Amino acid sequence: MEMRNLSQRLLDQSKRAKVLPQLILVISMTLDTQAEETKIPRSYERFEILAAGGEKDSRDPSWKPGEGIPMEVSGMEWVGDKLAVCIRKGEIWMLENPLSTDRNKINFKLFASGLHEPLGLLKDGKDLLVAQRGEVTRLRDSNNNGEADAYLTECDGWNVSGNYHAYAYGPARDGNGNLWVSLNLGMGKLANNHIGWRGWAGTIGKDGSFQPKALGMRSPSGMGANLKGDLFFSDQQGTWIPATPIYHLRPGVFYGNQESLASLKSPEAPFEMKVIPEPNQDYGEALTSSERFVPPAVWLPYNKMGRSATDVKVIDQDGKFGPFDGQFLIGEFTNSAVNRVFLEEVDGQYQGACFPFLNHFPAAVLRLQFAPDGSLFVGMSNRGWSSLGNRSYGLQRISFNQKTPFVIKEMKAQPEGFELIFTEPLHPDSLTPESLKVSSFTYQYSSRYGGDEINPARHKISGIKTSKGGRSVRFKVENLRTNYVFELTTQGLRSKLGQRLKHPQVWYTLNRIPGD
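Here the sequence shown stands for residues -11 to 504, where the numbers follow my numbering.
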């Protein structure tokens, strides 16, 4: 089994590359250009472990990988003090000394190979579970030599075809210990979605069978549980999905994509849908047509908050990653970013707000994993698609530097409006009637690829009240309407220390109005 230090591998890779990859371990001093322009203190430092690709763009035809490890990160998990990383070509590598800031001390050791496009890793006892296209595989190191010597089928039972878009993700564990797998729809004329649970999510049965539980997904590439143990997943804008949604994953529900309905004809289908929602109507109206059809907990508006969500990772670091514990980080593929999501429950329905968080990554963000010290590993892979980051793949580690950013931490629904919670006290002189503007929009439920914002409206604001300590602001909003996205734009807000508000826009998905 091969073991070499990272610097030698990266040197090997650069020798054959036509364009020199960016391979130096650095602390980035340009984490956020907006922060530079407005003199907002930087709150997060990044260590770039590696980033490789052409200099022109993420599809640069002049660049080819060299002889080193093509670190197209598709899954990460901790095994003791080592970080297991699976890559798209079908290998799992163990990073030794992954927290080192000296790249010569970071070593990779091959743990497993021969997998079919793995897209998730999960530790289970002493073993690793990995989702590859045709099954979930249990990898076991029986003699503790650092190499998998047993590749055991943990679960299978879904349709596998040669369609490039027919991925499998997971497994992910919910609060009850259930292991979930989600299945991508195929795409194009040879999609082959008519059999085998494509566009479904299900659990792993005790007998290793795939037990379908929910349908209506398109590309559910990330799953993660909140602090209560409720599981959530991201999907991606496309057919039947007008913008990027984050959903609460649970049995017996339909998430909207009708290309997954064919498997309901199977005798093993766990339920039936008596009514299929009619297309070409407002999304809220379509939701009323079937009790199984459920809305996203949060919409991430297209372009404004990215285009293709990936991983879903809860922040549970006891403040070591900033003041956002309990919230989700969402990987963003096309915009090469990480976004933040706050959720609350209203009348049993999850809903909440989305915020920009970190951007300017060198490649598409695919996987997120926290380290024991509270830092965040960000795994990247473009897989031939375009992203704002022009590299093909990469790996970074993000650390909170204890400088709390002045941002809107939470946006909560109120019976007559909203409440904003800030990370720092608000300067009272900076809040005026012109400081807050609110508008709303929804989407059309349609089979077409993506969708525009429709039924836009501006809303009058009144009754602005600041809490005694200055950390929260409540305000009334005229004509609240459910199943709409409310866009809040702030202007001129500053903290008591004079720091400008970072990320002045927020989007709240209002599924329920408290007290209705």
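Just so you know, even glycine gets a beta-carbon here, dropped at the ideal spot from N, CA and C. Bear in mind that the values here come from a model prediction, so they are computed numbers and not experimental data.
key: Assumed close pair Ile192, Val169 - CB separation to whole angstroms, cut-off 8 angstroms   = Ile192 to Val169, Cβ: 7 angstroms. Contact.
query = What alpha helix (DSSP H) runs, 4 residues minimum, are completely inside the region 257 to 288?
reply = 271 to 275, all fully within the region 257 to 288.
request  = For Ile28, decide whether its Cβ has a neighbour in chain C, counting only Cβ atoms nearer than 7 angstroms.
outcome  = Included in the structure is just one protein chain, with no chain C present.
request  = Please report the residue range of the beta strand (DSSP E) in which Met82 lies.
outcome  = Glu79 to Glu84 is the span of the beta strand (DSSP E), which, as asked, contains Met82.
inquiry  = Measuring alpha carbon to alpha carbon, tell me which residue in Arg295, Ser483 and Val300 is nearest Asp440.
reply    = Of the listed residues, the one whose Cα sits closest to Asp440 is Arg295.
Euclidean distance between Cα positions of Lys484 and His415 = It is roughly 4 angstroms from the alpha-carbon of Lys484 to the alpha-carbon of His415.
ask   = Along the chain, where does the beta strand (DSSP E) that runs through Tyr472 open and close?
value = For Tyr472, the enclosing beta strand (DSSP E) stretches over residues Tyr472 to Thr478.
message = At 3 residues or longer, what runs of the beta strand (DSSP E) sit wholly inside the region 409 to 442?
response = Counting whole runs of 3 or more residues, the region 409 to 442 contains the beta strand (DSSP E) stretches 424 to 430.
ask   = Quick one: is Gln199 buried, meaning 16 or more other Cβ sit within 10 Å of its Cβ, or exposed?
value = Around the beta-carbon of Gln199, 16 or more other beta-carbon atoms lie within 10 Å, marking it buried.
ask   = With a cut-off of 8 angstroms, do at least 3 Cβ pairs link the region 225 to 232 to the region 249 to 258?
value = Touching, no.
Any 3 or more C-beta pairs closer than 8 angstroms across the region 121 to 128 and the region 81 to 93 = No: fewer than three Cβ pairs fall under 8 angstroms.
ask   = Taking the C-alpha atoms as reference points, what is the distance between Lys456 and Arg280?
value = Taking the straight line from one Cα to the other gives about 44 angstroms.
inquiry  = What ranges does the alpha helix (DSSP H) occupy inside the region 323 to 350, keeping only unbroken runs of at least 4 residues that lie completely in it?
reply    = Those alpha helix (DSSP H) runs which fall completely within the region 323 to 350 and span 4+ residues do not exist here.
ask   = Which residue or residues does DSSP assign as beta-bridge partners of Ser450?
value = DSSP, once it has assigned bridges, lists Lys464 as partnering Ser450.
inquiry  = Here's the rule I'm using: 16 or more other beta-carbon atoms within 10 Å means buried, otherwise exposed. How should Gly113 be labelled?
reply    = Burial is judged here by how many other beta carbons sit within 10 angstroms of a residue's own beta carbon; Gly113 has fewer than 16 and is exposed.
ask   = Does DSSP put Arg565 in a helix, a strand or coil?
value = Past the boundaries of the shown model lies residue 565; the chain is included only from -11 to 504, so the question cannot be answered.
query = What runs of the beta strand (DSSP E), each 3 residues or longer, lie entirely inside the region 285 to 309?
reply = Correct list: 286 to 288 and 297 to 302.
message = On the DSSP letters alone, give me the boundaries of the beta strand (DSSP E) that Glu65 sits inside.
response = In this chain, the beta strand (DSSP E) harbouring Glu65 covers Val61 to Val67.
message = Is it buried or exposed, Tyr496, if we count other Cβ atoms within 10 angstroms and call 16 or more buried?
response = Burial check for Tyr496: the Cβ neighbour count within 10 Å reaches 16 or more, so the residue is buried.
query = Taking the alpha-carbon positions, what's the Leu71 to Asn370 distance?
reply = Each residue's Cα considered, the two are about 21 angstroms apart.
ask   = I think Val473 touches Ser434, with their Cβ atoms under 8 angstroms apart; what is that distance to the nearest whole Å?
value = With a Cβ gap of about 17 angstroms, Val473 and Ser434 do not count as contacting.
query = Looking at the structure shown, is Asn92 part of a helix, part of a strand, or coil, going by DSSP?
reply = If DSSP states are grouped into helix, strand and coil, Asn92 belongs with the helices.
message = Within 10 Å of its beta-carbon, does Ile386 have 16 or more other beta-carbons around it, so buried, or fewer, so exposed?
response = By the beta-carbon neighbour count (other beta carbons within 10 angstroms, threshold 16), Ile386 is buried.
request  = With Phe510 as the anchor, note down where its beta strand (DSSP E) starts and where it stops.
outcome  = Past the edges of the chain, shown from -11 to 504, lies residue 510, and the structure says nothing about it.
query = Can you name, in chain order, every residue of its own chain whose Cβ lies under 6 angstroms from the Cβ of Gln10, other than the five neighbours on each side?
reply = The pLDDT assigned to Gln10 is 37, lower than 50, so where the model puts this residue is not dependable, and the model offers no usable value.
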